[in-house]
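Numbering (full-length UniProt numbering), first residue to last: 1 to 262. Below you'll find the structure, written out as structure tokens, and then a few comments.
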């Protein structure tokens, strides 16, 4: 388990099911779909801090996103994310017509275990290429490892939805106030007009817990340098970048805020 950047392997936060429950829809995504119907449908999505890929995979297969990009600072977690998507995508069935979505989890797990993946995780070759046409209707999903605050690699297209779930605290502690401002500016510039930024709020007491000696003692010095606070500063900072609060939910242990680019 790596905690240098808060990148816990198979992280299960207070607002999501265990990472092993791959068929259970993430409650945060359910809340968002209820707050803004169709927020993910046919949209290009960026999942910052994608961890082992559960949210990214569900966006593509359960919430009908057009494409999903997942980025995480930990290469090992990115490999897990690629494997998870390949597993679930291998269980999909091509719909009768191109106007319909693939049937998710159509094939039982035993079929994959017996006959192998219909697609392979990125970087691996598929021994039986004949199955490729059956997956042509799946959304495009890509994962890669990078620090999204500092990399230029991700900005290949504007996104309709950017998700920052259980990640801003770690960005803030690693890059300090200046880095947080850069992060918000990058989110704003990477969104389409009318696009949405989703933030799962990690409160200040969560920051303080992050620097306990048995977790991440190297963040203690960073914590003492921070002047911006999630509960009081974020709205104004995001408004200054052209992102305005349009929806919010306290249905889960951590508040979810949705900002819209004017």
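We treat Cβ as the ideally placed atom computed from N, Cα and C, and that holds for glycine.
Going by DSSP, name the residue or residues bridged to residue 247. Residue numbering aside, residue 247 sits at position 247 when the chain shown is read from its first letter. Bridge partners of residue 247: 258.
Kindly say whether residue 244, judged by its beta-carbon, lies nearer than 8 Å to any beta-carbon of chain C. Any reference to chain C falls outside this structure, which holds one protein chain only.
query = For residue 65, which option in 51, 83 and 162 has the closest C-alpha, if you only look at C-alpha atoms?
reply = Indexing the chain shown from 1 puts residue 65 at position 65. Answer by Cα proximity: 162.
For residue 62 and residue 55, which I take to be in contact (beta-carbon distance under 8 Å), what is that distance rounded to the nearest angstrom? In the chain shown, counting from the first residue as 1, residue 62 sits at position 62. In the chain shown, counting from the first residue as 1, residue 55 sits at position 55. So it is not a contact: roughly 10 Å between Cβ atoms.
| By Cβ distance below 6 Å, which residues in the same chain neighbour residue 147 in space, the five residues on each side in sequence not counted? | Translated into positions along the chain shown, residue 147 becomes position 147. Cβ within range, chain order: 73.
Close-in-space but distant-in-sequence residues of the same chain around residue 81 (CB under 6 Å, 5 per side omitted): The sequence position of residue 81 within the chain shown is 81, counting from 1. Around residue 81: 50, 52, 53, 70 and 143.
Report task. Check the C-beta distance from residue 35 over to residue 166 and give it rounded, since I have them as a contact under 8 Å. Result -> Translated into the one-based positions of the chain shown, residue 35 becomes position 35. Translated into the one-based positions of the chain shown, residue 166 becomes position 166. That pair is no contact at about 18 Å.
| Out of 219, 201, 233 and 207, which has the shortest C-alpha to C-alpha gap to residue 256? | Walking along the chain shown from the start, residue 256 turns up at place 256. Comparing alpha carbon positions, the residue from 219, 201, 233 and 207 closest to residue 256 is 201.
*asked:* In whole angstroms, give me the CA-to-CA distance for residue 153 and residue 145.
replied: Here the question's residue 153 lines up with position 153 in the chain shown. Here the question's residue 145 lines up with position 145 in the chain shown. Cα to Cα, the separation comes out at about 10 Å.
- Quick one: using the 10 Å Cβ neighbour count with 16 as the cut-off for buried, is residue 189 buried or exposed? Locating residue 189 in the chain shown gives position 189, where the first residue counts as 1. Its Cβ having fewer than 16 others within 10 Å, residue 189 is exposed.
Among 157, 172 and 33, which has the Cα closest to the Cα of residue 206? Within the chain shown, the letter at position 206 stands for residue 206. If we check each option's Cα against that of residue 206, 172 comes out closest.
Task: Exposure label - residue 78; buried when at least 16 CB within 10 Å - done: Within the chain shown, residue 78 is the residue found at index 78, counting from 1. It is buried - the Cβ of residue 78 has at least 16 other Cβ atoms within 10 Å.
**Boundaries of the alpha helix (DSSP H) in which residue 164 is found, first to last residue** = Residue numbering aside, residue 164 sits at position 164 when the chain shown is read from its first letter. Premise fails: residue 164 lies in the beta strand (DSSP E), 159-164, not in any alpha helix (DSSP H).
When you compare the CB positions of residue 198 and residue 258, do they come within less than 8 Å of one another, or not?
On the chain shown, residue 198 is found 198 positions in, with the first residue counted as 1. On the chain shown, residue 258 is found 258 positions in, with the first residue counted as 1. Result yes, Cβ atoms of residue 198 and residue 258 sit closer than 8 Å.
task = Give the secondary structure of residue 174 by DSSP, where H, G and I count as helix, E and B as strand, and everything else as coil.
result = In the chain shown, counting from the first residue as 1, residue 174 sits at position 174. Helix at residue 174.
- Message: Less than 8 Å between C-beta atoms, sequence neighbours within five positions excluded: which residues of the same chain meet that for residue 157?
- Response: On the chain shown, residue 157 is found 157 positions in, with the first residue counted as 1. Excluding sequence neighbours, residue 157 sits near 44.
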